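Report on one structure; see the data block that follows.
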Ligand code: ADP
Ligand code: ASP
Ligand code: MG
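Residue numbers (this note's numbering): 5 to 418.
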């Protein structure tokens, strides 16, 4: 008998009808003999609705109280699913994060898990119950509710699977696997049969929200086999996320991603002397803002323009810091673009193949899309483009690297 963790996302539990379907699936799996721990998200749209309510009361709502509020979404769906499971003869018990507990650090809204106590889960399993856990939430040292960051029910699921040494963690969602690009944007996207943790990590970090970034990190660290599957059609084979195997290296590019949630800032006319970059990026890092791409352009008059990107939610705070600094260091001023698009191609095969960046630039040039910034790592090339052209760029790159005639992803796609 295996112990399996199954996670159902917002759309999968988005209505009473959907919850009934999930309960049927869980009851069938239970009847087949597996021990089950089910992690649920809030019903689709609920977390946004709750953030919206807080936003109507206050421009910057208190972080502790916001967590108390937004964590309720998962409480509702955990209780509803357990009620339905009981009603169809599959005994279940819901558990909230503080009842385990899922311990976290104190950072409201982006808390990190520091430990999970599994005693109550084991007791319930021994009692032949399905355990339904509210995802996304945790408890800090003071016993207060914390949340783990947007999309983090995936993280709860992987953390539970790691803590319980489950045989697999199944992520049920509204697509039937990980695709070569977001299938809702790219009509020619193809489903991958397998993807390595490293590639999935890059894709998640670059905007493919099918799996939350930290959940992939944790799965890799604790060797949790992950499978992404459709909650709408159980018959469909999903995508396995696991350690790299030899055949994967043959595939040049595994996926193309688009992140429309980036902002760009430029500090113009910074004096070109040692220490100024540290002066600028030190306070930004101290404020907990993650800077993504950076470019520095030296000009003939001994001054440079420093351009960098941050996640859009951090734009306002980054601007405040940078405007104050600009005056202090005698720069010529600050410009910003609230929404830019980052488009990336990802693939472990790039390690051993040259020319991906060159081909990428040619494809974008043919589409007349201007490249504003470029960043590369061992297994990805990213460019920033005007957000208007984000989807166009993504589709063009997808078809160039992964289109039917490329046959690049051949053996790995379904
Ligand atoms: P859930 O609510 O189940 O957690 P999410 O909305 O967080 O679901 O993630 C699923 C969505 O991820 C899909 O609807 C799809 O639009 C998006 N997505 C982005 N990139 C990809 C990709 N490469 N493959 C599959 N889905 C992707
Ligand atoms: N409900 C949370 C969110 O919308 C967590 C999740 O769905 O994974 O971000
Ligand atoms: Mg999600």
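For each residue, glycine too, the CB sits at the ideal point set by N, CA and C.
Since the structure is predicted, the reported quantities are computational estimates derived from the model, not experimental observations.
Task: Sequence-distant residues of the same chain with beta carbon closer than 6 Å to residue 6, five excluded per side - done: Numbered from 1 along the chain shown, position 2 holds the residue referred to as residue 6. If we look at residue 6 and ignore the five residues flanking it on each side, its Cβ neighbours are 38 and 171.
Open item on the list: For the structure I just gave you, are there three or more beta carbon pairs, one from the region 130 to 144 and one from the region 96 to 112, closer than 8 Å?
Closed with: Contact holds: three or more Cβ-Cβ distances are below 8 Å.
Task: Straight-line Cα distance separating residue 396 from residue 340 - done: What you label residue 340 is simply residue 336 of the chain shown in a count that begins at 1. What you label residue 396 is simply residue 392 of the chain shown in a count that begins at 1. Roughly 23 Å separates the two Cα atoms.
Open item on the list: Looking only at its chain, what residues have a beta carbon closer than 6 Å to the beta carbon of residue 72, apart from the 5 residues adjacent to it on each side?
Closed with: As a working note, residue 72 is residue 68 in the chain shown. Contacts found: 149.
TODO: Report the residue from 291, 190 and 227 whose alpha carbon sits nearest the alpha carbon of residue 347.
DONE: Working through the chain shown from its first residue, we reach residue 347 at position 343. Considering only alpha carbons, the answer is 190.
TODO: Check each residue's C-beta against every heavy atom of the ligand ADP and list, in chain order, those closer than 5 Å.
DONE: Chain-ordered, the residues whose CB falls short of 5 Å from any heavy atom of the ligand ADP come out as 13, 14, 177, 178, 179, 182, 183, 186, 188, 212, 213 and 214.
Open item on the list: Closest to residue 88 by C-alpha separation, out of 49, 294, 19 and 127, would be which residue?
Closed with: As a working mapping, residue 88 is identified with position 84 in the chain shown. Ranking 49, 294, 19 and 127 by Cα distance to residue 88 puts 19 first.
Task: Spatial distance of residue 293 from residue 313 (CA atoms) - done: For the purposes of this step, residue 293 is identified with residue 289 of the chain shown, where counting begins at 1. For the purposes of this step, residue 313 is identified with residue 309 of the chain shown, where counting begins at 1. Taking the CA atoms as reference points, residue 293 sits about 10 Å from residue 313.
TODO: Give me the Cα-Cα distance between residue 174 and residue 273, rounded to the nearest whole angstrom.
DONE: Here residue 174 is taken as the residue at index 170 of the chain shown, counted from 1. Here residue 273 is taken as the residue at index 269 of the chain shown, counted from 1. Each residue's Cα considered, the two are about 51 Å apart.
TODO: Check whether the Cβ of residue 216 sits closer than 7 Å to any heavy atom of the ligand MG, and report yes or no.
DONE: The residue given as residue 216 occupies position 212 in the chain shown. Taking 7 Å as the cut-off, the C-beta of residue 216 counts as close to a heavy atom of the ligand MG.
TODO: Please say whether residue 268 and residue 161 have beta carbons closer to each other than 8 Å?
DONE: One-based indexing of the chain shown puts residue 161 at position 157. One-based indexing of the chain shown puts residue 268 at position 264. Result no, Cβ atoms of residue 161 and residue 268 do not sit closer than 8 Å.
Task: Any non-hydrogen atom of the ligand MG within 7 Å of residue 202 CB - done: The sequence position of residue 202 within the chain shown is 198, counting from 1. For the ligand MG, not one heavy atom lies less than 7 Å from the Cβ of residue 202.
- [ ] Out of 284, 261 and 278, state which residue places its alpha-carbon closest to the alpha-carbon of residue 271.
- [x] For the purposes of this step, residue 271 is taken as residue 267 along the chain shown, with counting starting at 1. With respect to the C-alpha of residue 271, the residue from 284, 261 and 278 having the closest C-alpha is 284.
Open item on the list: I need the straight-line Cα distance from residue 336 to residue 275, nearest angstrom please.
Closed with: Numbered from its first residue, the chain shown carries residue 336 at position 332. Numbered from its first residue, the chain shown carries residue 275 at position 271. Residue 275 has its alpha-carbon roughly 9 Å from the corresponding atom of residue 336.
Open item on the list: Quick check on the DSSP output: the beta strand (DSSP E) that includes residue 51 runs from which residue to which?
Closed with: Taking the chain shown and counting its residues from 1, one reaches residue 51 at position 47. Here residue 51 belongs to no beta strand (DSSP E); instead the alpha helix (DSSP H) covers 50 to 61.
- [ ] Can you have a look at residue 100 and say buried or exposed, based on whether 16 or more other CB atoms are within 10 angstroms of its CB?
- [x] Position 96 of the chain shown holds residue 100. With 16 or more other Cβ atoms within 10 Å, it is buried.
Open item on the list: Which runs of the alpha helix (DSSP H) at least 4 residues long sit entirely within the region 287 to 337? Give them in chain order.
Closed with: Runs of the alpha helix (DSSP H) inside the region 287 to 337: 319 to 332.
Open item on the list: Given the structure, does residue 133 come close to the ligand ASP, in the sense that its CB is under 7 Å from one of the ligand's heavy atoms?
Closed with: For this step, residue 133 is matched to residue 129 along the chain shown. In this structure, residue 133 has its CB at a distance of at least 7 Å from all heavy atoms of the ligand ASP.
- [ ] Can you have a look at residue 448 and say buried or exposed, based on whether 16 or more other CB atoms are within 10 angstroms of its CB?
- [x] Any answer about residue 448 is impossible in this case: the structure gives the chain only from 5 up to 418.
Open item on the list: Considering just the uninterrupted stretch of the alpha helix (DSSP H) at residue 4, what are its terminal residues?
Closed with: With the chain covering only 5 through 418, there is no way to say anything about residue 4.
Open item on the list: Here's a check: name, in chain order, each residue in its chain whose Cβ is nearer than 7 Å to the Cβ of residue 83, leaving out the five neighbours to either side.
Closed with: For this step, residue 83 is matched to residue 79 along the chain shown. Counting only Cβ-Cβ distances below 7 Å, and skipping sequence neighbours, we find 98.
TODO: Can you grab the Cα-Cα spacing for the pair residue 219 / residue 367, in whole Å?
DONE: Sequence index remark: in the chain shown, residue 219 carries index 215 (1-based). Sequence index remark: in the chain shown, residue 367 carries index 363 (1-based). Cα to Cα, residue 219 sits roughly 33 Å from residue 367.
- [ ] Over the uninterrupted beta strand (DSSP E) stretch that includes residue 171, give me the two end residues.
- [x] Numbered from 1 along the chain shown, position 167 holds the residue referred to as residue 171. Counted as a single uninterrupted DSSP element, the stretch harbouring residue 171 is not any beta strand (DSSP E), since DSSP gives it neither H nor E.
TODO: Check whether the Cβ of residue 464 lies closer than 7 Å to any heavy atom of the ligand ASP, and answer yes or no.
DONE: Within the shown structure, residues of the chain are numbered from 5 to 418, placing residue 464 beyond reach of any answer.
Task: Spatial distance of residue 118 from residue 67 (CA atoms) - done: Counted from its first residue, the chain shown places residue 118 at position 114. Counted from its first residue, the chain shown places residue 67 at position 63. A direct Cα-Cα distance of roughly 20 Å separates residue 118 from residue 67.
Task: Beta-carbon gap between residue 242 and residue 231 smaller than 8 Å - done: Taking the chain shown and counting its residues from 1, the one referred to as residue 242 is at position 238. Taking the chain shown and counting its residues from 1, the one referred to as residue 231 is at position 227. A contact, by the Cβ cut-off of 8 Å.
Task: N- and C-terminal bounds of the beta strand (DSSP E) containing residue 366 - done: Locating residue 366 in the chain shown gives position 362, where the first residue counts as 1. Annotation: residue 366 is outside any beta strand (DSSP E); the continuous alpha helix (DSSP H) that includes it extends over 360 to 370.
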